[in-house]
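Some notes on the structure that comes next.
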Amino acid sequence: MTKEISNIFIIGVHRAATTSLFRYLSSHPQINSAYKKELHYFTRGIYSGSYQFDPLEYRQLYPVANGIKLEASPSYFYGGKALAQLMNESFIEPRFILILRNPADRFLSFYRHFSSEIQPSKRISIDEFFSKSVQEHESKIIADNHVNRAIREGVYADYLEPWMQVGKQKLKIVYFEDIELALQKSIEEVCNFLLLDPTHIDRSTLIVHNESREIRNYQVNWLAKKVNRLLEHYFTKNLKLKSRIKKAYGQLNEKDFLTSIPDSIYDELNRYYLPHNKRLKDSLIHNSLSLPNWLEDL
Numbered sequence: 001m002t003k004e005i006s007n008i009f010i011i012g013v014h015r016a017a018t019t020s021l022f023r024y025l026s027s028h029p030q031i032n033s034a035y036k037k038e039l040h041y042f043t044r045g046i047y048s049g050s051y052q053f054d055p056l057e058y059r060q061l062y063p064v065a066n067g068i069k070l071e072a073s074p075s076y077f078y079g080g081k082a083l084a085q086l087m088n089e090s091f092i093e094p095r096f097i098l099i100l101r102n103p104a105d106r107f108l109s110f111y112r113h114f115s116s117e118i119q120p121s122k123r124i125s126i127d128e129f130f131s132k133s134v135q136e137h138e139s140k141i142i143a144d145n146h147v148n149r150a151i152r153e154g155v156y157a158d159y160l161e162p163w164m165q166v167g168k169q170k171l172k173i174v175y176f177e178d179i180e181l182a183l184q185k186s187i188e189e190v191c192n193f194l195l196l197d198p199t200h201i202d203r204s205t206l207i208v209h210n211e212s213r214e215i216r217n218y219q220v221n222w223l224a225k226k227v228n229r230l231l232e233h234y235f236t237k238n239l240k241l242k243s244r245i246k247k248a249y250g251q252l253n254e255k256d257f258l259t260s261i262p263d264s265i266y267d268e269l270n271r272y273y274l275p276h277n278k279r280l281k282d283s284l285i286h287n288s289l290s291l292p293n294w295l296e297d298l
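Following my numbering, the numbering of the sequence shown begins with 1 at its first residue and continues without gaps.
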């Protein structure tokens with residue numbers, strides 16, 4: 001008899017539709033989503049080097065005791081062997097979902113998101129951002145800030161193996177590009193992996209969440225984010241309402257990015273990630289896993 005799944009963790013990566021997937025799954029009646037999407041309960045251990053787990057403390061991060069618990073903390077992917085083992089052993093039949101995205105595209109999205117949080121006069125250029133991030137990665141500096149994480153978090157091959165060790169039946173790798181091309185099919189595959197009936201997903205939730213947009217008024221944005229944090233769990237369970245509010249807010253206080261990304265930066269990113277992507281491809285093939293389109297021709 002198959003054991004009942006207790007917890008679902010969307011472990012990565014940043015800027016790869018983790019928010020959208022969390023929202024979709026949260027609409028399923030069997031899912032008990034956390035009070036907020038990113039609990040980061042284990043994230044502190046990544047930088048302190050010491051992981052701790054208190055079952056009672058963790059359980060209190062969810063509104064009810066029953067149901068399949070769901071959280072999405074993309075930093076978990078970077079926690080290494082110690083975190084993968086701890087999470088695998090601390091929960092009954094956990095399931096881990098990892099979304100990978102072309103690292104060059106992820107870097108650019110990461111930069112746009114970083115820039116959207118800062119007033120234009122205080123931003124750094126994409127060239128400086130790229131240069132500093134590469135320098136810190138080459139120097140093996142590990143820090144919890146956007147510049148440090150931008151390049152490092154795209155070197156997936158450095159972090160994948162410990163999660164492969166939890167077993168194929170517990171880890172589902174999804175590709176961002178597949179979600180973009182065939183959203184409903186991707187959601188159905190994830191639901192099948194989780195033993196959930198995909199017909200119970202609220203299809204009205206199948207929209208893009210957490211897009212990076214230029215801000216018009218940063219005081220209004222600060223207030224909106226504060227309200228969103230306070231009501232995050234309510235909005236997660238009432239996505240139609242949130243969608244209407246988000247649309248109205250976007251019309252009021254957001255606009256498209258006007259700054260284009262030079263082709264030279266994209267070329268540099270692809271060159272930098274090439275050897276790391278080749279290692280990733282070898283690892284996926286070794287584990288008999290499908291390849292995304294950005295790895296097929298390497």
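Backbone N, C-alpha and C define an ideal beta-carbon position, used for all residues, glycine too.
Where residue i falls, given that 16 or more other Cβ within 10 Å makes a residue buried
i	result
H137	buried
W163	buried
A143	exposed
G250	exposed
I92	exposed
V220	exposed
N238	exposed
G167	exposed
Y234	exposed
T199	exposed
L241	exposed
Separation of residue j from residue i, as counted between CA atoms
i	j	result
E177	N287	20 Å
L206	T236	13 Å
D263	Y58	45 Å
R15	S75	11 Å
S139	E268	18 Å
V155	E38	22 Å
P299	L194	This structure does not reach residue 299, given that the chain is present from 1 up to 298, and the question cannot be answered.
Y272	L295	14 Å
S186	R123	36 Å
S243	S204	9 Å
I141	F110	19 Å
I179	I46	28 Å
R112	I118	10 Å
Q85	I99	20 Å
E128	N145	15 Å
E71	E153	20 Å
S283	L160	8 Å
CB of residue i within 8 Å of CB of residue j, strictly
i	j	result
K281	L274	no
A104	N293	no
S90	F114	no
F9	P94	yes
I301	L289	Lying outside 1 to 298, the shown extent of the chain, residue 301 is not represented and no answer is given.
G67	N102	no
V147	S125	no
F107	V13	no
S27	D202	yes
N- and C-terminal bounds of the beta strand (DSSP E) containing residue i
i	result
R101	Taken as a continuous stretch (DSSP letters only), R101 belongs to no beta strand (DSSP E), as it is neither H nor E.
F129	Note, F129: premise wrong, no beta strand (DSSP E); alpha helix (DSSP H) at 126-138.
I8	7-12
Residues that residue i bridges to, as DSSP identifies them
i	result
I31	I68
L171	F96
Chain D within 8 Å of residue i, Cβ atoms only
i	result
I142	This model lacks chain D altogether, as it is built from one protein chain only.
First and last residue of the uninterrupted alpha helix (DSSP H) at residue i
i	result
V190	183-193
E161	160-164
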